[in-house]
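Numbering (the numbering used here), first residue to last: 42 to 168.
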């Protein structure tokens, strides 16, 4: 799981606007800070889902962002984002019975072996 820097600005009408320096076309807003962060995560996920793979930015650190732009009293948050990546082939060795159980579970759920392995890894890493 990656994290994108979010800048939250409190407006005069007690609302909160959220922007992402690395995703300049992605914005969100809410009437309280907790909702602003939650809505920002939803907006960012939708934004990333609709980006072409070639237009995916490289996420910068907060220090990098601070060097290139003024933050003007912004509240800074790290918003989790699941960035797409290209599939990379790997070779693993498994017990034959475990592999058979994996294949049965994949077939039963309509997934591929690779998808089931990725699902298990995400669950164990909580990502």
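Beta carbons: idealized from backbone N, C-alpha and C, even for Gly.
For the 9 Å CB-CB criterion, residue 146 and residue 157 form a contact.
Beta bridge pairing from DSSP links residue 116 with 49. Restricting attention to 56, 165, 81 and 164, the CA atom closest to the CA of residue 121 is found in 81.
Across the structure, residue 118 and residue 135 are spaced so that their CA atoms are roughly 41 Å apart. For the stretch 81-143, the continuous beta strand (DSSP E) assignments of 3+ residues that do not extend past its boundaries occur at 116-122, in sequence order.
Straight-line measurement puts the Cα of residue 155 at about 10 Å from the Cα of residue 131.
Around the beta-carbon of residue 125, fewer than 16 other beta-carbon atoms lie within 10 Å, marking it exposed. Rounded to the nearest angstrom, the Cβ distance from residue 79 to residue 56 is 14 Å, too far for a contact under 8 Å. The beta carbons of residue 67 and residue 48 sit about 11 Å from each other, so the pair does not count as a contact at 8 Å. A check of alpha carbon separations from residue 62 across 91, 83 and 108 identifies 108 as the nearest. Counting along the chain, the unbroken alpha helix (DSSP H) around residue 155 starts and ends at 154-166.
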